[in-house]
Each structure stands twice: as C-alpha cells, then as structure tokens.
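*Asks:* Just so we're aligned, residue 184 is where the sequence shown starts under the numbering used here, counting upward by one.
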Amino acid sequence: MSDAIDPRDRMPPPYLERRLVPGLALAVLGATATVVAVGACGPAAALPVLGVLILVATFNRVGQRATGYVIGGWVLGLALLLVMAPGKSAEVTFRRRTLCMTRLKNIGNAVAFYRMDNAEAYPPDLRALIATNHLHPRELECPGDTGLGGLDYFYVHPGTPPHAPPSDTAILACDFRRNHRGRRNVLFHGLHVEGLTERKFRARLAQPENAAFAAALRAAEGP
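(1) Based on the DSSP output, what are the partners of residue 358 in its beta bridges?
(2) Using CA atoms only, rank isn't needed, just tell me which of 392, 398 and 274 is closest to residue 345.
(3) Taking residue 370 as part of the beta strand (DSSP E), name the residues at either end of that continuous run.
(4) Output the boundary residues of the beta strand (DSSP E) element that contains residue 379.
(5) Would you call residue 356 buried or exposed, if buried means 16 or more other Cβ atoms sit within 10 Å of its Cβ?
(6) For residue 303, count the other beta carbons within 10 Å of its own beta carbon; 16 or more makes it buried, fewer makes it exposed. Which is it?
(7) Give me the Cβ distance between residue 362 and residue 328, rounded to the nearest whole Å; I'm assuming they're in contact under 8 angstroms.
(8) Tell me the rounded alpha-carbon separation between residue 454 and residue 273.
(9) Compare the C-alpha of residue 339 against each of 372, 299, 351 and 387 and name the closest.
(10) Counting along the chain, where does the alpha helix (DSSP H) carrying residue 138 start and finish?
(11) What did DSSP end up calling residue 325 once you bin it into helix, strand or coil?
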C-alpha cells in the first residue's frame, strides 16, 4: 500500500474558500469605518479583528480545527462589539451633557451683555437675546434633545425684586426634563452652571428664592 498523499487532499474544501469573502469584507468595512467615522462608528473598530480572524481561519488547516477557529472568530468579534457599545453610548451621553452646560454658560454670558446694554434689565425671554444679536440661535438647542430645532432651555424673567437674588442658589435658567434622562443642567444668577441629578434639582427648586421659577417650570412641563 502506498503512503503517498493525493495533492487534492491538501486543498481546502470549497466551503472554506467561501469564508474568504465575508472575512475580507468585514476587515475592509471595519478599517474604513474606524478611519473615516471615528466617533459615529466606534464599535466598528472590532470588525477588523473579526475579519482577520476569519481570514486566518480560512487559510488554516482543513477540518474541525478550522471550523472551530471560524466560529471562535465570530464569537470573539461579537463579544468585542457588545463590550465596546455601552462605553460608546456613555461617551456620547457625557459629550452631550458637557456641550449642554457650555451652551447654558453662553446663555448666561449673553444675559449679562444684554443687561449691560439695557440699563441692567433682564431680557423678557431667551429669544430676545437672538433678536438683539447677543446670542446665536444654535445656543438655544440642547444636544440632548433629538428633536429638530426649537427652544430647549427654560427661562423666567426674574422681575424687579427689591434685593438681588442669591447668586449661588437662585436659578436663572435650566434645560427641560426631556433633554437628559434623570439629570438637569442649571444656570444660576451668578452665571455659573451646575449639572444636577433630578432629585438635587428638585431640592433646589424647593428653596424660597426659586418659588416663582418652580411654579413656571411646572406649568411648562408638568409636575
């Protein structure tokens, strides 16, 4: 009996050759998405790894071992996607909250300049800041609100109290409840901005100096 091996036995079966196409496609797709759209397609960074694993398995030994490598590559790639996706979501949420706080700070600065130009009078509403060119319309759009356009911040004219409201605790403006789940960004009369949980925000609203603001906010968005 001859121990010679037929050269055809060394060739991978056709089904392994078919793995080359999806492996190469995933590698190219992942690399392109990562380079061109980092941030929007962050989880796609796992796709090159998945594609390379499939390519390696394609040219590996035939039989059960190669099949196992292919399955393992898919499992590892999916696991990487699942691990990276929550982190990406948290990053986007944090970035939106930070930009929201920046826009509230810009609103506060616009109010200060408006008062300098109008004998210390407060603007009747936030749109007045746009009409007087103290603020760009984009600054009134919160990045946490996915709606198209509109006014995403709440403001109440403080009137003309006999004494200046406490700068550290009196609320001048805030974002709406719909903007950030369970949190609020708040602009105080001292023109500083704080990010508060909804519970802490409610505690601030309960302070006497914020009674009028709290009543107007309830009327605007409900209890």
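The beta-carbon is built from N, C-alpha and C at its ideal position, and this holds for glycine as well.
*Replies:* In brief:
(1) The partner list for residue 358 (beta bridge, DSSP) reads 336.
(2) Of the candidates 392, 398 and 274, the residue whose Cα lies closest to the Cα of residue 345 is 392.
(3) Start and end: 366 to 371.
(4) Segment 376 to 380, the beta strand (DSSP E) holding residue 379.
(5) Label assigned to residue 356: buried.
(6) Around the CB of residue 303, fewer than 16 other CB atoms lie within 10 Å, so the residue is classed as exposed.
(7) At roughly 5 angstroms, the Cβ-Cβ gap stays under 8 angstroms, so residue 362 and residue 328 are in contact.
(8) What is shown of the chain runs 184 to 406, which leaves residue 454 out entirely.
(9) Distance check between residue 339 and each of 372, 299, 351 and 387 places 372 closest, using alpha-carbon atoms only.
(10) Beyond the ends of the chain as shown, which are 184 and 406, falls residue 138; an answer cannot be given.
(11) Under the three-state reduction of DSSP, residue 325 is assigned to coil, being neither helix nor strand.
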